Amino acid sequence: MPLWLELLRTPMAAPETSGLRRMRLVWQLLCLSLAATLISLEEIQAAAPHLAVPLAGALLVAVVLHTAVYWSRKNRADRALIASREGKPQ
1199 MPLWLELLRT PMAAPETSGL RRMRLVWQLL CLSLAATLIS LEEIQAAAPH LAVPLAGALL
1259 VAVVLHTAVY WSRKNRADRA LIASREGKPQ
């Protein structure tokens, strides 16, 4: 398996809860959807002229918002894990 594909499957927070895993997969799908939309933007504009730019904009906003929420929850989980290993309360 290529390294980049192996890294996509690797959890970014340890231990990764089912909620964090779901958020990571949704984040990856949003990023891939945005990339696919931008790559095929001309074709989308030809098929639906008034839909292409709002679709790309909505996906961009969704990626940014989901990224912010995901990273804050991931950092909270990482801090909790580090604190539990050091024996300190959160």
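To convert, note that position 68 of the sequence shown is 1266 in the working numbering; the numbers rise steadily by one, no gaps. Built from N, CA and C at the ideal position, the CB exists for glycine as well. For clarity, every value in this text was computed on a predicted model and none was experimentally measured.
Distance check for A1281 and V1251, CA to CA, integer angstroms please.
Within the sequence shown, the letter at position 53 stands for residue 1251. Within the sequence shown, the letter at position 83 stands for residue 1281. Using only the alpha carbons, I get a separation of about 45 Å.
Grab me the residues of Y1268's own chain with a C-beta within less than 6 Å of its C-beta, minus the 5 sequence neighbours each way, in chain order.
Indexing the sequence shown from 1 puts residue 1268 at position 70. Result list for Y1268: M1221, W1225, in chain order.
Segments assigned alpha helix (DSSP H), at least 4 residues, entirely inside the region 1210-1241:
1216-1237
Cβ shell of V1261 (< 8 Å), same chain only, five flanking positions each side left out
By one-based count along the sequence shown, residue 1261 stands at place 63. W1225, L1228, C1229, L1232, listed in sequence order.
C-beta atoms of R1277 and L1218 nearer than 8 Å:
Position 79 of the sequence shown holds residue 1277. Position 20 of the sequence shown holds residue 1218. Not closer than 8 Å, so no.
Roughly how far, in whole angstroms, is the beta-carbon of L1239 from the beta-carbon of A1254, given that I think they are within contact range, below 8 Å?
Residue 1239 sits at position 41 when you count from the first residue of the sequence shown. Residue 1254 sits at position 56 when you count from the first residue of the sequence shown. So it is a contact: roughly 6 Å between Cβ atoms.
Give the secondary structure of L1249 by DSSP, where H, G and I count as helix, E and B as strand, and everything else as coil.
Within the sequence shown, the letter at position 51 stands for residue 1249. Residue state, collapsed to three classes: coil.
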